[in-house]
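Only one structure is covered here, and it is reproduced in the block below.
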Amino acid sequence: MAPKITVIGTGYLGATHAAAMAELGFEVLGLDVVPEKVEMLARAEVPMYEPGLEDLLRKHVAGLEGSSGRLRFTTSWEEVGEFGDVHFICVNTPQKHGEYACDMSYVDAAVASLAPRLNRPALVVGKSTVPVGSAARLARKLAELAPAGEEVELAWNPEFLREGFAVQDTLHPDRIVVGVEGERAEKVLREVYATPIGEGSPFVVTDYPTAELVKTAANSFLATKISFINAMAEVCEAADGDVAKLAEAIGHDERIGKKFLRAGIGFGGGCLPKDIRAFMARAGELGADQALTFLREVDSINMRRRGHMVELAREAVGGGFLGRRVAVLGATFKPDSDDVRDSPALNVAGQIHLQGGQVTVYDPKGMENARRVFPTLGYAASAPEACRGAHVVLHLTEWAEFRELDPAALREVVASPQILDGRNALHAGAWRAAGWTFRAMGRPRA
Ligand code: UDX
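Add 232 to the 1-based position in the sequence shown for my numbering, that's all there is to it.
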């Protein structure tokens with residue numbers, strides 16, 4: 233009989249994983265400790281913007297008209313213990329306040345609550361991004377606390393989904409990585425993934441530490457690629473070169489590849505920045521800090537991009553922000569997301585505001601979150617409204633909507649037709665032809 237699945241933690245990762253498992257035919261029970269979240273999910277409502285997720289939930293959440301009924305949500309640990317054969321842990325591991333290390337308290341609390349309810353054979357599968365060594369520690373904790381003792385096993389199965397593509401990435405992953413200690417755990421996970429999810433996806437079986445490291449290594453590599461091209465942008469600016477052409481040209485070499493070489497104001501979000509910092513902190517604890525000193529540089533190149541955008545804006549408005557209006561297009565850390573966590577766009581907007589600029593922000597999906605995080609900024613209901621009276625326009629998140637803007641029409645509403653493209657995504661020629669001073673990152677001025 234197919235194993236019954238529980239998913240603990242129903243944020244980005246968990247809600248998507250639960251819906252995907254139901255889509256594949258499993259009976260699924262999702263748990264969250266926040267009752268409001270559980271109530272929303274039971275109505276197939278998602279507390280974040282994630283294309284396709286609500287539709288998938290509506291298709292499976294029990295009690296909704298026409299649904300398969302395979303997916304339910306609860307706040308009860310007893311129910312989870314009784315129901316599940318395979319328990320996926322999907323809680324988040326944020327950066328600790330004021331430190332580089334990651335905060336494991338949600339993972340630890342989940343295992344502490346789950347373990348005493350495991351009275352029969354079960355597999356606990358960690359999906360959260362954790363410091364290497366966590367799985368071995370959690371396996372010992374399970375053995376200590378679970379009434380079923382050795383019949384409870386642990387596996388580590390990192391998740392590589394991107395926000396905005398969560399459903400697609402979960403249903404069609406590039407690879408499935410499982411860290412196991414026993415053969416039974418591998419067998420159960422092969423069964424769970426012997427569904428369309430596993431078709432065509434390489435299945436990599438390894439030990440706990442390697443599985444944990446695969447995730448942090450992959451994110452560190454991606455962050456390094458972005459900071460590499462941003463470092464090239466700095467050099468291009470100094471030498472009057474064009475970083476976009478440079479990226480295109482080096483990307484033709486398949487060993488380098490074209491992806492993740494878009495220069496701009498750098499990376500943000502809930503994963504890359506905190507993952508590279510937590511990785512450095514963990515390497516330090518292990519006495520391997522020298523191996524990762526380059527990540528410090530990756531981080532500082534990235535943070536420098538934000539400061540550089542502020543400087544370019546200051547220069548554009550005549551050397552100081554006092555009495556100057558600055559339009560900011562984009563608040564989220566990337567398009568097709570409403571997430572503003574560690575968003576370079578919002579950070580730039582905030583810095584300019586704190587330096588006396590009159591900032592007006594518009595974002596297609598991130599307004600509510602941006603307002604909550606930064607209530608003192610100005611907000612507008614559309615891009616043209618944000619640009620009204622602006623002395624400079626900053627394009628900071630590359631939403632498709634901004635590429636559709638009409639430069640000629642926008643020119644009529646601004647005080648000064650100057651635009652800085654922080655994402656190298658706008659059509660420079662069209663803006664210049666409409667009379668704008670157009671400047672992009674790491675590209676020639678005209
Ligand atoms: C990332 C990883 O891609 C994913 O595999 C992992 O599971 C979680 O972290 P995500 O945070 O959703 O996913 O965003 P991603 O699409 O990777 O973008 C991260 C940041 O890098 C964004 O701020 C984006 O604007 C920036 N970026 C990306 C660049 O500045 N240049 C690029 O070429 C690509």
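Note that beta-carbon positions come from the ideal geometry of N, C-alpha and C, so glycine has one too.
Keep in mind it's a predicted model, so treat the numbers as computed, not measured.
Heavy atom of the ligand UDX within 8 Å of residue i beta-carbon
i      : result
Asp653 : no
Glu480 : no
Gly241 : no
Glu507 : Correcting the residue type first, residue 507 is Asp in the shown sequence and not Glu. Asp507: yes, Cβ under 8 Å from the ligand UDX.
Gly246 : no
Leu346 : no
Ala612 : no
Ser308 : no
Glu394 : Reading off the sequence shown, one finds Arg at residue 394, where the question assumed Glu. Arg394: yes, Cβ under 8 Å from the ligand UDX.
Ser679 : Because the chain here runs from 233 to 678, residue 679 falls outside it and cannot be looked at.
Asn451 : yes
Ile321 : no
Phe553 : no
Glu444 : no
Cys503 : yes
Arg494 : yes
Gly500 : yes
Glu311 : no
Pro576 : yes
Glu391 : yes
Lys491 : yes
Phe565 : yes
Leu454 : yes
Lys236 : no
Ile461 : yes
Ile458 : yes
Residue i versus the options, residue with shortest Cα-Cα distance
i      : options                           : result
Pro576 : Leu561, Arg538 and Leu403         : Arg538
Ala247 : Lys566, Leu518, Leu263 and Pro363 : Leu263
Ser308 : Val265, Met535 and Asn462         : Val265
Gly555 : Ile321, Gly621 and Arg407         : Gly621
Gly582 : Gly598, Val560 and Lys597         : Val560
Val624 : Val645, Asp638, Glu480 and Ala632 : Val645
Phe320 : Glu310, Leu296, Leu386 and Thr629 : Leu386
Gly498 : Gly519, Thr525, Arg536 and Asp472 : Arg536
Gly298 : Gly313, Ala276 and Gly284         : Ala276
Thr608 : Pro596, Pro616, Ala618 and Gln590 : Gln590
Thr629 : Glu431, Ala495, Ala463 and Lys291 : Ala495
Ser433 : Val323, Val446, Leu403 and Ala294 : Leu403
Glu391 : Val357, Ser459, Ala371 and Leu370 : Val357
Glu310 : Glu517, Leu261 and Leu445         : Leu261
Lys566 : Lys447, Ala470, Asp595 and Gly550 : Asp595
Val558 : Tyr611, Arg372 and Glu271         : Tyr611
His233 : Ala672, Val318, Gln400 and Val293 : Strictly speaking, residue 233 in this sequence is Met, with His absent from that position. Answer by Cα proximity: Val318.
Pro676 : Ala465, Gly519, Glu517 and Leu504 : Ala465
Glu505 : His484, Met253, Ala333 and Glu633 : It is worth fixing the name first, because residue 505 is Pro in this sequence and not Glu. Per the Cα distances, Ala333.
Thr618 : Pro283, Phe460, Leu642 and Ala666 : The displayed chain sequence assigns Ala, not Thr, to residue 618. The candidate whose alpha carbon is nearest that of Ala618 is Leu642.
Gly502 : Pro283, Asn451, Leu445 and Pro405 : Asn451
Asp653 : Phe634, Cys322 and Asp638         : Phe634
Rounded distance between the beta-carbons of residue j and residue i, thought under 8 Å
i      : j      : result
Asp571 : Thr564 : 6 Å
Val424 : Pro235 : 7 Å
Gly316 : Thr242 : At roughly 14 Å, the Cβ-Cβ gap does not stay under 8 Å, so Gly316 and Thr242 are not in contact.
Ala417 : Leu355 : 6 Å
Ile508 : Ala455 : 5 Å
Gly562 : Trp631 : 6 Å
Val545 : Leu578 : Residue 545 is actually Ala in this sequence, not Val. That belief does not hold up - the Cβ atoms of Ala545 and Leu578 are roughly 14 Å apart, past 8 Å.
Arg304 : Phe258 : Going by Cβ atoms, the distance from Arg304 to Phe258 rounds to 12 Å, so no, they are not a contact pair.
Glu383 : Pro353 : 4 Å
Asn324 : Ser360 : 7 Å
Tyr244 : Ala341 : Actually they do not touch by this definition, with Cβ atoms about 19 Å apart.
Leu524 : Ala510 : At roughly 11 Å, the Cβ-Cβ gap does not stay under 8 Å, so Leu524 and Ala510 are not in contact.
His627 : Arg655 : 6 Å
Leu285 : Val278 : 5 Å
**Length-filtered (4 minimum) alpha helix (DSSP H) runs lying within the region 356 to 386** = Taking only runs of at least 4 residues, the alpha helix (DSSP H) segments lying wholly in the region 356 to 386 are 366 to 377.
**Asked** Quick one: any contact between the region 399 to 415 and the region 436 to 446, if contact means 3 or more CB pairs under 8 Å?
**Response** Segments in contact, yes.
**Asked** Taking only runs of the beta strand (DSSP E) that begin and end inside the region 407 to 470, which ones reach a length of at least 3 residues, in chain order?
**Response** The region 407 to 470 contains these whole beta strand (DSSP E) runs: 408 to 411 and 435 to 438.
**Request:** Identify every run of the alpha helix (DSSP H) within the region 460 to 522, keeping only runs that are complete inside it and at least 4 residues long; order them along the chain.
**Result:** As for any alpha helix (DSSP H) of minimum length 4 sitting wholly inside the region 460 to 522, the runs are 475 to 483 and 504 to 517, ordered along the chain.
**Request:** Please determine if the region 373 to 388 and the region 341 to 352 are in contact, where contact requires at least 3 C-beta pairs separated by less than 8 Å.
**Result:** Enough Cβ pairs lie closer than 8 Å, so yes.
**Request:** Determine contact between the region 354 to 372 and the region 540 to 554, defined as no fewer than three beta-carbon pairs at a distance below 8 Å.
**Result:** Counting C-beta pairs with one atom in each stretch, the region 354 to 372 and the region 540 to 554 have fewer than three that are closer than 8 Å, which means they do not touch.
**Message:** Threshold first: 3 residues or longer. Then list the beta strand (DSSP E) segments lying entirely within the region 584 to 627, N to C.
**Reply:** As far as the region 584 to 627 is concerned, its whole beta strand (DSSP E) runs of at least 3 residues are 590 to 594 and 624 to 627.
**Asked** Fully enclosed by the region 522 to 563, which alpha helix (DSSP H) runs are 4 residues long or longer?
**Response** Complete alpha helix (DSSP H) runs here, min 4: 525 to 548.
**Asked** Which ranges does the alpha helix (DSSP H) cover as unbroken runs of at least 4 residues, wholly within the region 284 to 368, from first to last along the chain?
**Response** Correct list: 285 to 292, 309 to 315 and 337 to 346.
**Prompt:** Quick check: the region 476 to 490 against the region 528 to 535, are there 3 or more CB pairs under 8 Å?
**Reply:** These segments do not touch.
**Request:** At 3 residues or longer, and completely inside the region 240 to 284: list those beta strand (DSSP E) runs for me, N to C.
**Result:** If we require 3 residues or more, the beta strand (DSSP E) runs fully inside the region 240 to 284 come out as 260 to 263.
**Asked** Quick one: complete beta strand (DSSP E) runs, 3+ long, within the region 648 to 674?
**Response** For the region 648 to 674, whole beta strand (DSSP E) runs of length 3 or above, ordered along the chain, are 650 to 653 and 669 to 672.
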